[in-house]
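Just so we're aligned, residue 2 is where the sequence shown starts under this note's numbering, counting upward by one.
Virtual Cβ for every residue (Gly too), placed ideally from N, Cα, C.
Report on the following structure.
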Amino acid sequence: MKEIKYFKKPELHDPILIAGFSGWANAGDVTTRSISYLTQKLNAPIFAEMESDPYFNFEANRPMVEIQGGQIVSVVKPQGRFHFYQSPDEGSDLIIFSGDEPHFQWNHYLHTFLDFAEENSVSLIITIGSSYDQVLHYEEKVSAIVSNPRAMNIARELSLPLLEYTAQGSVSLLLISEAEDRDMTALGLWAHAPFYIHGTNYKLCSKVIETIARISDIHLETAELRAAWESLERQINNLVEKNEKLRQQIKEISKMTGTEPFRPSDTIQESKVIHLDEFLKKKDDS
Numbered sequence: 002m003k004e005i006k007y008f009k010k011p012e013l014h015d016p017i018l019i020a021g022f023s024g025w026a027n028a029g030d031v032t033t034r035s036i037s038y039l040t041q042k043l044n045a046p047i048f049a050e051m052e053s054d055p056y057f058n059f060e061a062n063r064p065m066v067e068i069q070g071g072q073i074v075s076v077v078k079p080q081g082r083f084h085f086y087q088s089p090d091e092g093s094d095l096i097i098f099s100g101d102e103p104h105f106q107w108n109h110y111l112h113t114f115l116d117f118a119e120e121n122s123v124s125l126i127i128t129i130g131s132s133y134d135q136v137l138h139y140e141e142k143v144s145a146i147v148s149n150p151r152a153m154n155i156a157r158e159l160s161l162p163l164l165e166y167t168a169q170g171s172v173s174l175l176l177i178s179e180a181e182d183r184d185m186t187a188l189g190l191w192a193h194a195p196f197y198i199h200g201t202n203y204k205l206c207s208k209v210i211e212t213i214a215r216i217s218d219i220h221l222e223t224a225e226l227r228a229a230w231e232s233l234e235r236q237i238n239n240l241v242e243k244n245e246k247l248r249q250q251i252k253e254i255s256k257m258t259g260t261e262p263f264r265p266s267d268t269i270q271e272s273k274v275i276h277l278d279e280f281l282k283k284k285d286d287s
C-alpha cells in the first residue's frame, strides 16, 4: 500500500481504530483535542502515516517550516498519522489516527484508509466529530452514527441518542458510509457544542473520551479536562449573569432545544459569541 508509510508494524490484538480529523467537524475543538489527549495520555507512538501529496492543496494548507541558523531543520506537511497503544490486559489494543481533512480525492483517501484498517484486522472503527448546535453550555450531548447492527447495539448499550443531521458532511461521516458498504463496524461519536461559545469545550472532550474508555475497556483519566471546564464554566456563568442579552438568548435556546435542528450555516452574531480563549488569556495575564 504505497499511500501508507510504515515505520514499524506492531503486533496488535483485536485493535479498535479511533479516528479524528481537523476541519469541518471540529466544533469546540472536540475532535482534535480528544485525539491529542488520547495519544498523550496513552503515550501512543506513531507507527505509520498517510502520504499527503495526492490529497492536499498546499496553497490552502501550507507546510510548516522550521529554520534555525539559516538552515531548514524540519518541514511538516498536512498529514495523517497512525499511533498505537497495546493494552496491558487482554482487551483490545488501539490505533489512534490524527489527521487533517483532505482537500482532494475523498473516495480514494477513504478506500486507502479502510484498506489499512482491514490490513491491520481492525474490529471496530470509532470516529469523532462535532458541530455547533442549539444546546446549552452545561449540557454534554454526544450522539451516535452507526454502520451496522453491531454498532447500533454499542450505541444502545451506551444510551447514546442517534444523530439527526442534515447539512454539509465531513470526511469522518463519509468514512462511516464507506465502512457500511464494506460491512465493517463503525461508530461515530458526534458531540453537540453550544453555538454561542467558541473555543475548546473540555466538557465535551471528557465525555467523548469517557465513552471511548467504556467501549475499549481501557482506563482513561479525564479529571484534568473536567477541572479545566469547571473553571471556565464558572466564568461563563458569571458573564451570563451580568449580561441581560446573553441571558435572554440562553433562555430562548432552552425553549428551542430539540424542537428544530441547528444548521451549521446559520448566521451567528459575533456579539453573541463567547470566546473561551479570551478567558484563558485573562487567566494567564492575572
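Sorted by chain position, which residues of the same chain lie with C-beta nearer than 7 Å to Q106's C-beta, five sequence neighbours on each side aside? Excluding residues within five positions, the ones whose Cβ falls inside 7 Å are P55 and Y56.
Which word fits L240, buried or exposed, when buried means at least 16 other C-beta atoms lie within 10 angstroms of its C-beta? exposed
Per-residue burial, F98 [other beta carbons within 10 Å of its own, 16 or more giving buried]: buried
If you run the structure through DSSP and keep just helix, strand and coil, what is D57? The sequence as given places Phe at residue 57; Asp does not occur at that position. Note: F57 maps to coil in three-state DSSP.
On a Cα-Cα basis, can you pick out the residue from A156, W191 and D184 that is closest to S173? W191
Same chain, Cβ closer than 6 Å to Y139, five either side skipped, listed in chain order: Closer than 6 Å at Cβ, skipping near neighbours: no residue.
Within 9 Å of any Cβ in chain B, is that where the Cβ of F98 sits? Of the protein chains in this structure there is only one, and it is not chain B.
Separation of I213 from Y166, as counted between CA atoms: 22 Å
With DSSP as the reference, label E120 as helix, strand or coil. Per DSSP, reduced to three states, the secondary structure at E120 is helical.
Going by Cα to Cα distance, which pick from I216, P195 and C206 is closest to S160? Measuring from the Cα of S160, the nearest candidate turns out to be I216.
Pull up the CB-CB distance for D101 and Q72, whole angstroms please, since I reckon it's below 8 Å. About 26 Å separates the two Cβ atoms, so there is no contact after all.
Which of helix, strand or coil does DSSP assign to S138? Residue 138 is actually His in this sequence, not Ser. Reduced to three states, the DSSP call for H138 is coil.
Cα-Cα separation between E245 and I254, rounded to whole angstroms: 14 Å
Option in G130, I198 and E225 with minimal Cα separation from L176: Of all alpha-carbon atoms in G130, I198 and E225, the one lying nearest the alpha-carbon of L176 is that of G130.
Under the three-state DSSP convention, the category T40 falls into: helix
Spell out a yes or no on whether the region 31–46 and the region 109–119 are touching, meaning 3 or more CB-CB pairs, one atom from each, closer than 8 Å. no
Could you give the distance in angstroms between the alpha-carbon of F85 and the alpha-carbon of N238? Computed Cα separation, rounded: 39 Å.
CA-CA distance, A118 and R235? 42 Å
Terminal residues of the beta strand (DSSP E) in which A224 lies: Judged by DSSP secondary structure, A224 falls outside any beta strand (DSSP E) and instead within the alpha helix (DSSP H) spanning A224 to K243.
Between Q250, H220 and L226, which lies nearest to D90 when the distance is taken from Cα to Cα? H220
Under the three-state reduction of DSSP, which class applies to F85: helix, strand or coil? It is a strand residue.
Take the Cβ of I210 as the centre, count every other Cβ of all protein chains shown within 10 Å, and call the residue buried at 16 or more, exposed below. By the neighbour-count rule (16 or more Cβ atoms within 10 Å), I210 is buried.
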